[in-house]
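Going by full-length UniProt numbering, the sequence shown opens with residue 1, and the numbers climb by one from there.
C-beta: ideal position from N, C-alpha, C; glycine also.
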Amino acid sequence: MSVTRALESAVSAVSADVLRRQDPELADILLGEADRQATTLQLVAAENFTSPAVLAALGSPLANKYAEGYPGARHHGGCEIVDVAERIAVERAKALFGADHANVQSHSGSSAVLAAYAALLRPGDTVLALGLPYGGHLTHGSPANFSGRWFDFVGYGVDAETGLIDRDQVRTLARTHRPKAIVCGSIAYPRHIDYGFFREVADEVGAYLIADAAHPIGLVAGGAAPNPVPYADIVCATTHKVLRGPRGGMLLCGSDLAERVDRAVFPFTQGGAQMHTIAAKAVAFGEAATPAFSAYAHQVVANARVLAAGLAAEGLVVTTGGTDTHLVTADPAPLGVDGRTARGLLAAAGMVLDCCALPHADVRGLRLGTAAVTTQGMGEAEMARIAALFGAALRQESGILDEVRELAGRFPPYPPMGGVS
Ligand SMILES: *Cc1c(COP(=O)(O)O)cnc(C)c1O
């Protein structure tokens with residue numbers, strides 16, 4: 001099977017030809033990116049491959065529709081049909097996560113966090129969140145972000161030895177600073193978060209609990225990670241990470257906060273909803289409700305565990321000694337390279353991933369995830385192989401890129417229609 005044929009089916013038979021005729025320059029760029037994604041290993045922990053059905057919804061004429069407001073209460077005419085799409089997305093999200101209320105309009109994970117703060121806080125309020133040096137997101141108090149500018153963030157950390165959230169510190173900081181809200185969630189924490197613990201601390205000090213589950217929400221959908229919905233006042237999430245939907249955000253909450261959350265999204269922080277993305281979210285929620293997705297989510301975790309063990313065997317120091325999720329962070333220092341150098345060596349060998357902060361050191365480490373490679377159909381044997389290729393690339397052995405391409409070539413992210421899956 002030709003890689004190009006597979007890619008063309010990925011970019012979709014309909015759009016590829018039309019785009020090539022209209023704008024060959026951009027057509028080449030789209031095909032080039034599809035080729036890059038298919039011929040190297042996508043180990044960026046926040047990335048995945050959406051299904052052709054999700055891509056079809058994204059590339060649909062729903063992109064043309066203006067729909068400010070909510071179903072049944074829009075500021076524009078002609079919304080009858082897109083209203084149904086949004087209602088389906090909302091109902092599917094509520095069922096998938098057991099939530100009383102879902103808002104599926106957030107343009108991104110960051111917009112969802114902004115809306116959660118807007119629903120519960122006023123500028124100047126104190127918020128307790130995982131500090132950025134320990135894996136907090138930009139929206140958890142970075143001075144370069146609205147969060148750090150408009151709120152008074154206090155950061156908790158992780159234990160330098162174990163890499164686990166320092167519960168004593170969370171409790172002490174909460175008692176000392178009496179925050180209006182506590183945020184739990186991270187861009188790099190490889191273990192399950194104990195939402196019950198955070199609920200208990202929030203209740204003790206009278207704070208709201210916001211769970212930023214941008215990373216693990218897909219595992220939650222598949223029953224492979226604990227669900228924050230029963231514990232948090234508001235759950236913020238993305239739809240494009242392990243969940244495998246379109247790039248976007250969402251919010252889940254109880255009926256008591258439903259109206260505040262909806263008003264915080266529109267009209268407070270956003271304008272018109274992106275109806276093509278909302279339809280694609282509905283498609284992704286539908287996919288995530290299937291037994292196949294549950295099997296996928298569990299395979300993502302099984303794969304990450306094998307990958308973490310393999311990296312440890314290659315000599316890297318794996319944070320917390322392993323993982324409960326799709327996410328692994330590791331220090332390559334024992335192999336004589338720092339995180340940034342390692343990322344460059346791995347990229348040159350066709351393995352694409354990120355750097356991240358490390359709990360035990362000031363130097364940067366590596367962050368990788370198994371969501372995308374698992375979507376491609378790779379299993380534990382391939383993870384062991386990737387760990388070996390990883391070690392070889394860091395030891396600067398030759399010929400690794402060819403081996404990575406051979407491996408990636410056997411698992412096309414978008415097999416040709418009617419081909420193997
Ligand atoms: C990815 C992520 C976000 C932001 O998502 P964007 O869609 O990139 O804005 C927010 N919080 C956490 C914890 C994340 O991991």
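### Contact set for Ala-282: own chain, Cβ-Cβ below 7 Å, skip 5 residues either direction
As a position in the sequence shown, residue 282 is number 282, starting the count at 1. Ala-85, Ile-88, Ala-89 and Arg-92, listed in sequence order.
### Task
Starting from the N-terminal end, write out each residue whose C-beta falls within a distance shorter than 5 Å of any non-hydrogen atom of ligand 1.
Ser-108, Gly-109, Ser-110, His-137, Gly-185, Ile-187, Asp-212, Ala-214, His-215 and Thr-238
### Query
By how many angstroms is the C-alpha of Ser-147 removed from the C-alpha of Val-201?
The residue given as residue 201 occupies position 201 in the sequence shown. The residue given as residue 147 occupies position 147 in the sequence shown. If I take the Cα positions, the gap works out to 22 Å.
### Query
Any idea which residues DSSP pairs Gln-42 with across the strands?
Working through the sequence shown from its first residue, we reach residue 42 at position 42. The partner list for Gln-42 (beta bridge, DSSP) reads Val-352.
### Query
Under 8 Å between the Cβ atoms of Val-154 and Gly-369?
For the purposes of this step, residue 154 is identified with residue 154 of the sequence shown, where counting begins at 1. For the purposes of this step, residue 369 is identified with residue 369 of the sequence shown, where counting begins at 1. No, these two residues do not count as a Cβ contact at 8 Å.
### Task
Can you tell me the Cβ-Cβ gap for Ser-106 and Leu-251, rounded? I've got them flagged as a contact below 8 Å.
On the sequence shown, position 106 is the one that residue 106 refers to. On the sequence shown, position 251 is the one that residue 251 refers to. Indeed they touch by this definition, with Cβ atoms about 6 Å apart.
### Message
Quick test of the definition: if touching needs 3 or more C-beta pairs under 8 Å, does the segment 308-328 touch the segment 190-201?
### Response
yes
### Task
Identify which residue in Arg-247, Cys-184, Leu-164 and Thr-172 has its Cα closest to the Cα of Val-205.
Numbered from 1 along the sequence shown, position 205 holds the residue referred to as residue 205. Among Arg-247, Cys-184, Leu-164 and Thr-172, the Cα nearest to that of Val-205 is on Thr-172.
### Message
Within a Cβ cutoff of 7 Å, which residues of the same chain sit near Ala-372, ignoring the five residues on either side of it in sequence?
### Response
The sequence position of residue 372 within the sequence shown is 372, counting from 1. Gln-42, Glu-47, Asn-48 and Phe-49.
#### Entry: Three-state secondary structure assigned by DSSP to Met-250
Looking up residue 250 in the sequence shown gives position 250. Met-250: strand per DSSP, three-state reduction.
### Task
With a 10 Å radius around its C-beta and 16 neighbouring C-beta atoms as the bar for buried, classify Asp-362 as buried or exposed.
In the sequence shown, the residue the question calls residue 362 occupies position 362. So Asp-362 ends up on the exposed side.
### Query
Got a sec? Which residues, its chain only, sit under 6 Å from Ala-99 by beta carbon, not counting five neighbours each side?
Here residue 99 refers to the residue found at position 99 of the sequence shown. These residues qualify, in order along the chain: Val-229 and Leu-252.
### Task
Take Arg-20 and list the residues in its own chain whose beta-carbon comes closer than 8 Å to its own, dropping the five residues that flank it on each side.
Position 20 of the sequence shown holds residue 20. The residues are Ala-27.
### Task
Assign Pro-179 to buried or exposed, taking buried as 16 or more other Cβ atoms, counted over all protein chains shown, within 10 Å of its Cβ.
Reading the sequence shown from its first residue, position 179 is the one you call residue 179. Buried.
### Query
Pick from Gly-69, Cys-355 and Pro-143: whose alpha carbon is nearest that of Val-337?
As a first step, residue 337 is located in the sequence shown; it is residue number 337 there, counting from the start. Here the closest residue by C-alpha is Cys-355.
### Separation of Tyr-231 from Phe-97, as counted between CA atoms
Stepping through the sequence shown from its first residue, residue 97 is reached at position 97. Stepping through the sequence shown from its first residue, residue 231 is reached at position 231. Going from the Cα of Phe-97 to the Cα of Tyr-231 covers about 12 Å.
### Query
Is DSSP giving Asp-212 helix, strand or coil here?
Looking up residue 212 in the sequence shown gives position 212. Three-state DSSP puts Asp-212 in a strand.
### Query
So Phe-293 and Gly-222 are in contact, right, with Cβ under 8 Å, and what is the actual spacing, rounded?
One-based indexing of the sequence shown puts residue 293 at position 293. One-based indexing of the sequence shown puts residue 222 at position 222. Yes, they are in contact, since the Cβ atoms of Phe-293 and Gly-222 sit about 5 Å apart, within 8 Å.
### Query
With C-beta atoms as the reference, is Phe-390 less than 8 Å away from Leu-346?
Residue mapping note: residue 390 aligns to position 390 of the sequence shown, counting from 1. Residue mapping note: residue 346 aligns to position 346 of the sequence shown, counting from 1. Yes.
#### Entry: Alpha-carbon to alpha-carbon, Gly-78 and Val-301
In the sequence shown, counting from the first residue as 1, residue 301 sits at position 301. In the sequence shown, counting from the first residue as 1, residue 78 sits at position 78. When rounded, the distance between both Cα atoms is 44 Å.
### Message
Here's the rule: buried if 16 or more other CB atoms are within 10 angstroms of the residue's CB, otherwise exposed. What is Pro-123?
### Response
Position 123 of the sequence shown, counted from the first residue, corresponds to residue 123. Exposed: under 16 other Cβ atoms inside 10 Å.
### One or two residues paired with residue 469 in a DSSP bridge
Not covered by the structure: residue 469. The range shown for the chain is 1 to 421.
### Message
Among Val-306, Cys-184, Asp-262 and Ala-284, whose alpha-carbon lies nearest the alpha-carbon of Gly-248?
### Response
Taking the first residue of the sequence shown as 1, we reach residue 248 at position 248. Of Val-306, Cys-184, Asp-262 and Ala-284, the residue nearest in Cα terms is Ala-284.
### Query
In its own chain, which residues sit with a C-beta less than 8 Å from the C-beta of Leu-335, not counting the 5 before and 5 after it?
Indexing the sequence shown from 1 puts residue 335 at position 335. Excluding residues within five positions, the ones whose Cβ falls inside 8 Å are Glu-314, Gly-315, Leu-316, Ala-342, Gly-391, Leu-394 and Arg-395.
### Message
Taking a contact to mean a Cβ-Cβ separation below 8 Å, would you say Leu-311 touches Gly-339 in this structure?
### Response
Taking the sequence shown and counting its residues from 1, one reaches residue 311 at position 311. Taking the sequence shown and counting its residues from 1, one reaches residue 339 at position 339. Not closer than 8 Å, so no.
### Message
Only counting the same chain, and skipping five residues up and downstream in sequence, which positions put a Cβ closer than 6 Å to that of His-215?
### Response
Residue mapping note: residue 215 aligns to position 215 of the sequence shown, counting from 1. Taken in chain order, the residues that qualify are Lys-241.
### Task
Put Val-235 into one of helix, strand or coil per three-state DSSP.
Counting from one through the sequence shown, the residue named residue 235 turns up at place 235. Correct three-state label for Val-235: strand.
### Query
Helix, strand or coil: how does DSSP classify Leu-130 here?
Locating residue 130 in the sequence shown gives position 130, where the first residue counts as 1. Of the three classes helix, strand and coil, the one that applies to Leu-130 here is strand, per DSSP.
#### Entry: Chain-order list of residues whose beta-carbon lies under 6 Å from that of Arg-199 (same chain, five-residue window excluded)
If you number the sequence shown from 1, residue 199 lands on position 199. The answer, listed in chain order, is Leu-209 and Tyr-231.
### Query
When the Cα atoms are used, what is the spatial distance from Gly-418 to Tyr-70?
Translated into positions along the sequence shown, residue 418 becomes position 418. Translated into positions along the sequence shown, residue 70 becomes position 70. Because Gly-418 carries a pLDDT of 48, less than 50, the predicted location of this residue cannot be relied on, and no value is offered for it.
### Task
Please confirm whether Val-54 and Pro-291 have their CB atoms less than 8 Å apart.
Your numbering for residue 54 matches position 54 in the sequence shown. Your numbering for residue 291 matches position 291 in the sequence shown. Not in contact: Val-54 and Pro-291 (Cβ atoms no closer than 8 Å).
#### Entry: Exposure of Ser-398, with buried meaning 16 or more beta-carbon neighbours within 10 Å
Within the sequence shown, residue 398 is the residue found at index 398, counting from 1. Its Cβ having fewer than 16 others within 10 Å, Ser-398 is exposed.
#### Entry: Alpha-carbon spacing of Gly-254 relative to Ala-225, whole angstroms
Your numbering for residue 254 matches position 254 in the sequence shown. Your numbering for residue 225 matches position 225 in the sequence shown. Distance between the alpha carbons of Gly-254 and Ala-225: 20 Å.
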